[in-house]
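Working notes, structure below.
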Amino acid sequence: MIAQLASNQSFRLGEDSLWRLFYWALIALVFAGAIWQRFRLPLDPIADPDTWGYLSPALRKLTGAEFGHTNGRNFAYPGFLFLLLRLFADFRAITITQHFLGLLAGAVFLLTWKRARIFVSNPRIGRVAHDLLGLVGAAIFLLQWQTIVFEKDIRPEGICAFVVSITFYLLIQFLACFFLKHRRTATVAYAIALAFTAIFLASIKPSFGLASLLVLSPIIALFGRSGWSWQKVWFSLGFVFSAAVLLLPEHFLSRNDEMSRTFLPTTLFVFHAELIRDQLANDLAKNVSLPYPRDRLERLYLALRTEIEKSRTARQYAYRSLGFDADFLMYDPNSIAVQARREFRGDVAALCAFYRFYYGRIWEKRPLQVLAKVARQMQIFYLPYCRAYDPRISRKLGGEYQYSVVSLSDPICRKVWMGYPPAVDFMNRTEELARRELRFRQPLLLPLIPIAVLLMSISYSTSLAVALVLAVIVALTSGRWRRLHWIAALVVFWFSFNAACCLEVATITSLEIHRYMTVQMYSTLLAQLLGLWFILEFVVQMWECRRQGAVQPTGAGDKP
Numbered sequence: 010m011i012a013q014l015a016s017n018q019s020f021r022l023g024e025d026s027l028w029r030l031f032y033w034a035l036i037a038l039v040f041a042g043a044i045w046q047r048f049r050l051p052l053d054p055i056a057d058p059d060t061w062g063y064l065s066p067a068l069r070k071l072t073g074a075e076f077g078h079t080n081g082r083n084f085a086y087p088g089f090l091f092l093l094l095r096l097f098a099d100f101r102a103i104t105i106t107q108h109f110l111g112l113l114a115g116a117v118f119l120l121t122w123k124r125a126r127i128f129v130s131n132p133r134i135g136r137v138a139h140d141l142l143g144l145v146g147a148a149i150f151l152l153q154w155q156t157i158v159f160e161k162d163i164r165p166e167g168i169c170a171f172v173v174s175i176t177f178y179l180l181i182q183f184l185a186c187f188f189l190k191h192r193r194t195a196t197v198a199y200a201i202a203l204a205f206t207a208i209f210l211a212s213i214k215p216s217f218g219l220a221s222l223l224v225l226s227p228i229i230a231l232f233g234r235s236g237w238s239w240q241k242v243w244f245s246l247g248f249v250f251s252a253a254v255l256l257l258p259e260h261f262l263s264r265n266d267e268m269s270r271t272f273l274p275t276t277l278f279v280f281h282a283e284l285i286r287d288q289l290a291n292d293l294a295k296n297v298s299l300p301y302p303r304d305r306l307e308r309l310y311l312a313l314r315t316e317i318e319k320s321r322t323a324r325q326y327a328y329r330s331l332g333f334d335a336d337f338l339m340y341d342p343n344s345i346a347v348q349a350r351r352e353f354r355g356d357v358a359a360l361c362a363f364y365r366f367y368y369g370r371i372w373e374k375r376p377l378q379v380l381a382k383v384a385r386q387m388q389i390f391y392l393p394y395c396r397a398y399d400p401r402i403s404r405k406l407g408g409e410y411q412y413s414v415v416s417l418s419d420p421i422c423r424k425v426w427m428g429y430p431p432a433v434d435f436m437n438r439t440e441e442l443a444r445r446e447l448r449f450r451q452p453l454l455l456p457l458i459p460i461a462v463l464l465m466s467i468s469y470s471t472s473l474a475v476a477l478v479l480a481v482i483v484a485l486t487s488g489r490w491r492r493l494h495w496i497a498a499l500v501v502f503w504f505s506f507n508a509a510c511c512l513e514v515a516t517i518t519s520l521e522i523h524r525y526m527t528v529q530m531y532s533t534l535l536a537q538l539l540g541l542w543f544i545l546e547f548v549v550q551m552w553e554c555r556r557q558g559a560v561q562p563t564g565a566g567d568k569p
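Mapping of the sequence shown onto our numbering: residues 10 to 569, in sequence order.
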């Protein structure tokens, strides 16, 4: 008997060792493929019209001027570019570093996935199946083209996946240490690190602002835990330090950048232009007493009405969900943003106050219409398929490099980068690449990746709906589903992260700006796989319960 037990244990150990060897071999193949796909492409990064706001502070500092704000962009990503160019004096270092961070994000994905298993007691899904599911997610993230091309852009999206991955890993470690393990020192360390990365994420990509607040919300429970006084003090000090390091430099640097003050109010105004136009017309018709002269409001109403119609003619297919082109209203040299500025005689504070006033007024007087606009924008992300994923199998890079040349050929830009030899070399190489017919193609040996991405995109909303229904069932029933309480909460939290990102963008601007959706690919993928795991755990346990229920009556009827 003892010999048989020893033999069984030895067999299981052998199986475990064989599986671990196979698992690590698969990981090696995935990362080898990811490295090959990244470094077979040209290493020169890709620019667009927004790039100058990130690149200009770094180039100015490198050519002897002051590091400062440009076009309202936060200092963090420009600082990252400055450090790379100062260390390596080669623009290809940007792409190489962002590729490396992308690979690290894939590794952290696997770590986060394995750590999440602690939140399910007595899991019905075996470790092999669980590991394979996580590996599939990491493979999709690392081998799909949109991740690779994002890492080539001189934009904060190039490092967002890495920052999100670290944020999620720290979050899941904090939850495990605080709620399950009750480890005081580890809890505080992870909480402080989480606070820093969440603030950093919102700094480099403000569309993650609301989601970053959501990430920090579990830390509130720390202050409700009795007997943890010193832990509360240390976290508070760490939080204040993190906020000071990231927010104070931004505060001082942005003081000399006018667009830092005007960008958000102008965006709110132009993306809600139709609702504001209708509210202006209603206020004028009813002769409502407002803090602005009637003649000024009449001029602004007429100008806004005219410019909205012009925008529809200029670009008929832009922002279909809005019905007009908000970019035309904001950036056309003769459109409403310029006319409104002229109306307020260049008084930026008064102009921004007007924009904010009428944005707040439509929420006060037309809340249902504003909510309908927000709902239409949210729908873009979720239906008919999730647009965080892009299932295309190829992308033209030659056109991207042509766009890079055009984006950085403005005389103001040229005057700055001409004084920095590595930038001149970068532009010469970019011009050469623009003349070539470059295209990123998903390798024929990896046809499953675009198929998997397509399946994930069309099944996201269904996965979300099923997971939420099951989470409600788990929350409302005690005992039977107790072991799934934590994973159910985790799934709801992760899906809420995406919802918070979309809600912020939908409230301020439009999700028709595609990068606001595709930058969520990492968080979307992790949330969907966690949801799938939760659903499988629920279904297997329900099947077990039904099986036991079918067996028990038979056994009860068998009497001696």
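Here a beta-carbon is modelled for each residue, glycine too, at the ideal position from N, C-alpha and C.
Mapping the DSSP letters down to three states, classify residue i as helix, strand or coil.
i: S519; result: coil
i: D162; result: strand
i: F84; result: coil
i: F353; result: coil
i: I55; result: strand
i: R448; result: strand
i: A565; result: With a pLDDT of 43 at A565, under the threshold of 50, the modelled position of this residue cannot be trusted, and the question is left open.
i: T106; result: helix
i: A15; result: With a pLDDT of 49 at A15, under the threshold of 50, the modelled position of this residue cannot be trusted, and the question is left open.
i: Y574; result: Residue 574 is absent from the structure shown; the chain starts at 10 and stops at 569.
i: W237; result: coil
i: R95; result: helix
i: M10; result: Only weak support is given to the placement of M10: the predicted model assigns it a pLDDT of 49, under 50, and the value that follows is read from those uncertain coordinates. Coil.
i: S130; result: coil
i: D334; result: coil
i: D25; result: helix
i: A461; result: helix
i: F183; result: helix
i: P342; result: coil
i: W490; result: coil
i: K123; result: helix
i: F20; result: Only weak support is given to the placement of F20: the predicted model assigns it a pLDDT of 47, under 50, and the question is left unresolved by the model.
Does the Cβ of residue i have 16 or more other Cβ atoms within 10 Å, making it buried, or fewer, making it exposed?
i: W45; result: exposed
i: F543; result: buried
i: D356; result: exposed
i: L229; result: Residue 229 is actually Ile in this sequence, not Leu. Exposed is the call here.
i: N265; result: exposed
i: Q557; result: exposed
i: W552; result: exposed
i: T563; result: With a pLDDT of 46 at T563, under the threshold of 50, the predicted position of this residue should be treated as unreliable, though the coordinate-derived value follows. So T563 ends up on the exposed side.
i: A220; result: buried
i: L27; result: exposed
i: F20; result: Its pLDDT being 47, under 50, F20 is placed unreliably by the model, and nothing is read from it.
i: C422; result: buried
i: N507; result: buried
Checking 8 Å against the spacing of the C-beta atoms, do residue i and residue j come in under that value?
i: I127; j: A198; result: no
i: L223; j: S472; result: no
i: A397; j: T518; result: no
i: D53; j: R444; result: no
i: Y254; j: I175; result: Sequence inspection shows Val at residue 254; the Tyr mentioned does not correspond to that position. No.
i: Q348; j: A312; result: yes
i: R370; j: L360; result: no
i: V129; j: E546; result: yes
i: L225; j: F217; result: no
i: F91; j: F76; result: yes
i: S330; j: F337; result: no
i: L112; j: A170; result: no
i: R375; j: L284; result: yes
i: A56; j: S487; result: no
i: A204; j: S245; result: no
Output yes if chain C places a C-beta closer than 8 Å to the C-beta of residue i; else output no.
i: S344; result: Here chain C cannot be found, since the structure has a single protein chain.
Whole beta strand (DSSP E) elements within the segment 392-446, 3-residue minimum: Secondary structure within the segment 392-446: the beta strand (DSSP E) runs of 3 or more consecutive residues, fully enclosed, are 403-405 (chain order).
Does the segment 534-545 come close enough to the segment 399-411 that 3 or more CB-CB pairs lie under 8 Å? no
Inside the segment 502-547 only - beta strand (DSSP E) runs reaching at least 3 residues: Complete beta strand (DSSP E) runs here, min 3: none at all.
Cβ contact (3+ pairs, closer than 8 Å) linking the segment 31-50 and the segment 63-75: no
In chain order, which beta strand (DSSP E) runs of at least 3 residues are fully inside the segment 268-314? none
Inter-stretch contact at 8 Å, needing at least 3 Cβ pairs: the segment 422-429 / the segment 366-373: no
Taking three-plus beta-carbon pairs below 8 Å as touching, is the segment 32-39 in contact with the segment 383-394? no
Would you be able to state if there are at least three C-beta pairs under 8 Å between the segment 497-517 and the segment 272-283? Contact holds between the segment 272-283 and the segment 497-517, because three or more Cβ pairs, one in each stretch, are under 8 Å apart.
Within the chosen definition, does the segment 320-337 reach the segment 240-256 through at least 3 CB pairs nearer than 8 Å? no
Would the segment 194-209 and the segment 130-140 be scored as touching if the rule is three or more Cβ pairs under 8 Å? no
Per the contact definition of three or more C-beta pairs closer than 8 Å, is the segment 256-270 in contact with the segment 295-315? no
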